[in-house]
Every structure is written in structure tokens, then in C-alpha cells.
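Everything on this sheet refers to the single structure shown next.
Encoded structure:
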């Protein structure tokens, strides 16, 4: 476990500065104090928590999303959530979730039993056993990329797909593309549906036709590229927008197999900006979901819910990251 | 100005309890402390602020929305914002806004000059001079019922119109209504457009026809009822949904003038739940926008923006309030 010394070394300040920052001494600037707290969380320093006995506990649930390794999708969500919560003196637990786990105890019983006053849930699907419990729970709860109606104790956070798709389509249009295909996630996924609607909306806003042959749905995985890429190309697609980066990686490989160069002959745009996307050849242009900010926003919305404020849908802003997989359209 | 004694009297506790609560003494429970702080704000106690010299300032701007009187729309927005901000030790100023004011100084120059680190803006329209400044500002800013794309320093809060309209339409459908007219706000208003789209969506979800003759747009005022109510009734409307409570009050009076009883012959449903709606005859059924919660959510989103978290669109939950202006459909 990290010590005050480790934090001091990382920040290149004295141990006493770190100690003062951790204890909120008045001669440390607020920005230095926050940097010290953020770094403490990043390095896994936890001593401060154990000293305070009246600390309340909130938690993060994870299902279907890896988080252990640095480049796992969930890793920075946890880091951001903990950094924001640590500043305001909360204890945070991370709990992996399965269907079996949920069937053993109801959501409210679990939270009450563990004395956890609120949670953020990542990776939930409509068929999860706790979904039913969430409709009526009174435990403040934030869902990532999911949404339930009418319960004032529930909020949701995610990246704004309308703005993300608009950034994506506008980027491709600015490069002269008009036949823009969309390889979406599964039709029964809440977020995949939202993104597909957003794609249609942006295409219409740019006065481009929404061609049924240029839209397909499959899982959010590399393998989904294979059945559709060739078909898109045969229907004249000059750019292929993808539901996430994994699909995009598959699409790039399928284009290569078909003897087409990315980006010279086909532009490919991903969604998410996974840490691994820089290593793809060519490096993937994509729409960034800032996972650190998703974690932080999850905390802020949970904080509001715990204070009785019924914030329901909440979105953070995406960013367009232009790398090497998109270029000016060239007639084939 | 209120004193500690006034707060003590209102809460029926001793002055020393209030003093302890204000100073965060450890022998006062957290819920009592928060009640004391909320009451202090409600009564206008401000002494605590002036004693602390390192307090940072945020502000609320108001334009086109009254807030001075208890039953003004803006009154409780301010109260909620201040209550949430006071707990976290911010100084809050309320500043009335006009076009002239905005033309004198740019937004950023004003905020910098006044040393205000963030704001919530209520009542803005697309033609406000500061709108242009907001596209590029780096001052954390929350817009109420308005939205601008792509600037990560801007967030918006408002009540969820999709959920609100769904509550409204579902209520009328449950009473047997099928010919549900909608008298909306002006077409160039962001929020009026959103609500009209939400009306169409809910009608379709309940498999009801969206009839062009049963939709009209006008200002958010009492007088807007006159040109449309008779027409709606002639086209067979059995229920009239209104863009806000003021329009609904006008519609009720127009129905009476046409010799029709509300709710026996026509159901009328408002939107907002203004304090005055209970006094309408019959008392108005409506969709509540909780203004206290709008204020609080504005603070929480601003707090997140100030901490660098780019929350953009944020919605709080509406509630259906059933009073006397809606009833089972009766064939005329």
C-alpha cells in the first residue's frame, strides 16, 4: 500500500506538504490539496479513511465491464469516482456483480445490510435481476448508460450520444463523405438504440440519405465486422462509423482483407477511445468517452441524489479524436 | 435580517444548538445541521458568510422570470440553489439581467471583474447578447431550460419533458381521453419545442393519432387560450393539454365562456405547478416542475463543472399532480 512518501515522491513535494494537504491545513492551496488527494487515490493510499470513524460508505457495482487493468474500460471510471468521492470524505467500495449474486439478496436488503447509502451501477442490462428492485428502490442509485423511468431515487449518467454522433458525422462530412455506413451495437441494448437514433438524426441534419443497406446491428465485439463490412462497401460506403472501437478495429481488418486501404479508400471511425485504439494500424479516429469524467460525474449525481435532488438523465460531453483512420473521400 | 434566535424559534431548538449547527460542532447530528443551514438560508441569515474571508462567489442570473415574491416562479429556484450552496460554504449573489446589461460588458469580463467563479442563468433566450459569449466561455455556467453544444464549461438543467408529457398523456388516456389537444408555447422557444416533440412521442406510444388541428403554438401567457380553445373543441378535443399553467388557466376560462364545464365536459391539464394553480376554479391538475429542486440541481451541476466534470444535459424528474380539472371522458 502507498505511503505519504510515495505521494510526495510522485508529486515532487515534501512529505510534510502531503501530510498538510491530506489534513486540509490552511497554508496549502486548494489546488495543491486537490492534487494531493487525487494522487493519493490514484496510488491506492487509504489510511485517511480508516482514521475517521463517522465515514459513510458508497459503492460502485460492475458487471460485464472489466476494470482491473489500466487499459480496461472500467479502470478510470473507478479512479474518477474515487477521486471525486475522496475529496468529500466518502468511503468507496468496488463490488463485482453477477446474476447469481443478485438472486441471493434483493438490492435494498444488500445495501442496508452492508450499510452502503448509495451506489453507481456499471454494465447493467435489462434482464438483470436487480432491475426489478431498482424500479422501487429508495436507495440513491446512479446507472451508467442505462435509464429507468419515474423513480426519483434513480439517476443515470453517460456520454451524450447526440453530440457524439454529430461530431462524428460532421467530421466525415467535412472530409467529403456522403455514403456513411453505421455498424451499430445490438438492437436490445439501450445505448446502442440511442446511438443509432442519433446517427439517423445527424445524417438528416446534414441532408444525407439514411440508407437501410448502410445500417447493421450486431454485438459490441471485433467479430461483428466480418458479416457486414463487405456488404457496406458493395453498397458504396466510403466511410464506416462504428458503435464502438472494437467493431472499428474489426472493420479496418476486413477492409484490408478486401484489398482496400484505410484511410485512403475507406474512412473508419470508432466510438469510446479505448486506451488500446492508439495501437491500431492506422491509429483509430474516434469519439472519446472520458471514463475518468464518467466516474466523477457518477459521484456528483449520486451526491445530489443523496441530498434529495431527483436528477434523472445526465450526460457528459464527448470529444472527437482525429488520428489516422479517417481522410478525404476519394472516388473508388 | 434574521438572527440565530429567529432560526432557533422557527425550529423550536435552543440558540446554542443553532450556533453549534452553523459551526459544524461534532455533537450535532448531520441532519440537524443541514436543517439549521437550510432554515438559515430561508430566513435570510447571512452572518456566517461574512466571517469567512476565503469564501468563493457564485451567482444566479435572472431574466424574464420573476423571483421576488413567494409565489414567483424564480423564488424557490433561488432558495434551493442557496440552500445547496450554503451547505458547501459558497457565497451566492442574485443578479437581474437585461439585454442592455449584457451589451455593456462581455460575460467573461463581467465574471472576472466581479470575481465570480461560476453561474446559473435562468430565463435566457436565443437572442440574448451573452449567448454568443457562452459558446466560448471558460467560466463554469449552468443554463436553466436552455442548451448549447460542445462547450465543456456549459451545462444545462431542467425538468424532463419526455417524462412529464408521458405522465400527462398517460393520465388523460387512463381517463378514457383520445382526442387530446396540445396548446404549446412559442415555436422559437427551446423548451416549447422539446415539449411539443415529447407530446407527439407520448401520443404515438399510446397509439393515439397526432392531429394537426389539435396542436397550436403561442406565447406562454393566459391570453394564448383565446384564439385556439374554441377551435380545439370544434375539432372534437375532449382534453386540452397546455404548455404551462397560465395557458391552462386561460383555457379553463375559454371553456366556461363556450358553456362547457371543466372537468365534466372538457379536461384541462397544465404544466409547471405554479403556486397560484391551486386557487384556479377548478383547481388545476398539472405536471409539477419542482423549483426548489431545479435550484438545487443547478448548484450540484455547477459544482461538478467547477471541478472540471463536463456534465452537459441534466434533467430532474417531474411529478403528476391530480387536482380538479381532469376527469373521465364523457361524450358530448
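Residue numbers (the numbering used here), protein chains in the order written: chain L, 139 to 470; chain A, 139 to 470.
A virtual CB, placed ideally from N, CA and C, is assigned to each residue, including glycine.
Here the structure is a predicted model, which is why all the values come from computation and not from measurement.
Below-8 Å beta-carbon distance, residue 285(L) vs any chain A residue
Here residue 285(L) refers to the residue found at position 147 when the first chain is read from its first residue. Chain A, which has no Cβ nearer than 8 Å to the Cβ of residue 285(L), makes this no.
Can you tell me which of the three DSSP states residue 175(A) falls into?
As a position in the second chain, residue 175(A) is number 37, starting the count at 1. Three-state DSSP puts residue 175(A) in a helix.
Pick out the complete alpha helix (DSSP H) segments inside the region 319-401 of chain L, 4 residues or longer, and give them in chain order.
Within the region 319-401 of chain L, the complete alpha helix (DSSP H) runs of at least 4 residues are 328-343, 364-372, 383-395.
Between 252(A), 384(A), 350(A), 357(A), which has its C-alpha nearest residue 324(A)'s C-alpha?
The residue given as residue 324(A) occupies position 186 in the second chain. Taking only the C-alpha atoms, the option nearest residue 324(A) is 357(A).
For a contact meaning CB atoms closer than 8 Å, what does residue 453(L) contact in chain A?
Residue mapping note: residue 453(L) aligns to position 315 of the first chain, counting from 1. Residues of chain A with a Cβ closer than 8 Å to the Cβ of residue 453(L) are, in chain order, 449, 450, 451, 452.
Select from the region 268-295 of chain A all residues with a C-beta closer than 7 Å to any C-beta belonging to chain L, and list them in chain order.
Along the region 268-295 of chain A, the positions whose C-beta sits under 7 Å from a C-beta of chain L are 287, 288, 290, read in chain order.
Segments assigned beta strand (DSSP E), at least 3 residues, entirely inside the region 280-321 of chain L:
As far as the region 280-321 of chain L is concerned, its whole beta strand (DSSP E) runs of at least 3 residues are 292-297.
Can you tell me the Cα-Cα spacing of residue 246(A) and residue 165(L), whole angstroms?
Numbered from 1 along the second chain, position 108 holds the residue referred to as residue 246(A). Numbered from 1 along the first chain, position 27 holds the residue referred to as residue 165(L). Spanning the two alpha carbons is a distance of roughly 30 Å.
With a 10 Å radius around its C-beta and 16 neighbouring C-beta atoms as the bar for buried, classify residue 479(A) as buried or exposed.
Given that chain A is displayed from residue 139 to residue 470, the structure contains no residue 479(A) and the question cannot be resolved.
Give me, in chain order, the residues of the same chain whose beta-carbon lies closer than 7 Å to that of residue 427(A); leave out the 5 immediate sequence neighbours on both sides.
Here residue 427(A) corresponds to residue number 289 of the second chain, with the count starting at 1. Contacts found: 297, 410, 411, 456.
Measure the C-alpha to C-alpha separation of residue 228(L) and residue 282(A) and round it to an integer number of angstroms.
As a position in the first chain, residue 228(L) is number 90, starting the count at 1. As a position in the second chain, residue 282(A) is number 144, starting the count at 1. Spanning the alpha carbons of residue 228(L) and residue 282(A) requires a straight line of approximately 30 Å.
Whether residue 259(L) touches residue 219(L) by CB criterion (8 Å)
Sequence index remark: in the first chain, residue 259(L) carries index 121 (1-based). Sequence index remark: in the first chain, residue 219(L) carries index 81 (1-based). Going by C-beta atoms, residue 259(L) is not nearer than 8 Å to residue 219(L).
Please state whether the Cβ-Cβ distance between residue 299(A) and residue 353(A) is less than 8 Å.
Locating residue 299(A) in the second chain gives position 161, where the first residue counts as 1. Locating residue 353(A) in the second chain gives position 215, where the first residue counts as 1. Residue 353(A) is positioned such that its CB atom lies no closer than 8 Å to that of residue 299(A).
Give me the Cα-Cα distance between residue 212(A) and residue 234(A), rounded to the nearest whole angstrom.
In the second chain, the residue the question calls residue 212(A) occupies position 74. In the second chain, the residue the question calls residue 234(A) occupies position 96. Rounded to whole angstroms, residue 212(A) to residue 234(A) spans 11 Å at the Cα level.
Please give the ranges of any alpha helix (DSSP H) in the region 205-268 of chain A, keeping only runs that are unbroken, at least 4 residues long and fully inside the region.
Listed in chain order, the complete alpha helix (DSSP H) runs (minimum 4 residues) inside the region 205-268 of chain A are 213-225, 237-242, 245-251.
Which residues bound the alpha helix (DSSP H) around residue 432(A)?
Here residue 432(A) is taken as the residue at index 294 of the second chain, counted from 1. For residue 432(A), the enclosing alpha helix (DSSP H) starts and ends at 429-444.
Does the beta-carbon distance from residue 422(L) to residue 306(L) come in below 8 Å?
Residue numbering aside, residue 422(L) sits at position 284 when the first chain is read from its first letter. Residue numbering aside, residue 306(L) sits at position 168 when the first chain is read from its first letter. At least 8 Å separates the beta-carbon of residue 422(L) from that of residue 306(L).
Any beta carbon of chain A sitting closer than 8 Å to that of residue 445(L)?
Along the first chain, read from residue 1 onward, the residue named residue 445(L) stands at position 307. Yes - at least one Cβ of chain A is within 8 Å of the one on residue 445(L).
Do you know offhand how far residue 295(L)'s Cα is from residue 450(A)'s?
Within the first chain, the letter at position 157 stands for residue 295(L). Within the second chain, the letter at position 312 stands for residue 450(A). Residue 295(L) and residue 450(A) have their C-alpha atoms spaced approximately 10 Å apart.
Per-residue DSSP class, three states only, for residue 462(L):
Counting from 1 along the first chain, the entry for residue 462(L) is found at position 324. Residue 462(L) falls in the coil class under three-state DSSP.
Span of the alpha helix (DSSP H) holding residue 159(L)?
Position 21 of the first chain holds residue 159(L). Element bounds for residue 159(L): 153-160.
So, using beta-carbon positions, are residue 160(A) and residue 146(A) closer together than 8 Å?
Along the second chain, one-based indexing puts residue 160(A) at 22. Along the second chain, one-based indexing puts residue 146(A) at 8. Contact flag unset, no.
Within 10 Å of its beta-carbon, does residue 264(A) have 16 or more other beta-carbons around it, so buried, or fewer, so exposed?
Residue mapping note: residue 264(A) aligns to position 126 of the second chain, counting from 1. Answer is exposed; the Cβ neighbour count stays below 16.
Three-state secondary structure (DSSP) of residue 272(A)
In the second chain, residue 272(A) corresponds to position 134, counting from 1. Three-state result, residue 272(A): helix.
Roughly how many angstroms lie between the CA atoms of residue 393(A) and residue 460(A), to the nearest whole one?
If you number the second chain from 1, residue 393(A) lands on position 255. If you number the second chain from 1, residue 460(A) lands on position 322. Their Cα atoms are separated by approximately 19 Å.
By alpha-carbon positions, which one of 207(A), 225(A), 201(A) ends up nearest to residue 238(A)?
As a first step, residue 238(A) must be located in the second chain, where it is residue number 100. Nearest of 207(A), 225(A), 201(A) to residue 238(A), Cα basis: 201(A).
Taking the beta carbon of residue 381(A) as the centre, do at least 16 other beta carbons fall within 10 Å, making it buried, or is it exposed?
Residue mapping note: residue 381(A) aligns to position 243 of the second chain, counting from 1. Buried.
Secondary structure at residue 145(L), three-state DSSP: helix, strand or coil?
Here residue 145(L) corresponds to residue number 7 of the first chain, with the count starting at 1. In the structure shown, residue 145(L) adopts helical secondary structure according to DSSP, grouped into three states.
With distances taken from CA atoms, which of 210(A), 375(A), 385(A), 157(A) is nearest residue 362(A)?
Looking up residue 362(A) in the second chain gives position 224. Looking at 210(A), 375(A), 385(A), 157(A), the one whose alpha-carbon comes closest to that of residue 362(A) is 385(A).
Which class does residue 167(L) belong to by DSSP, given the choice of helix, strand or coil?
The residue you call residue 167(L) lines up with position 29 of the first chain. Here residue 167(L) sits in coil by DSSP.
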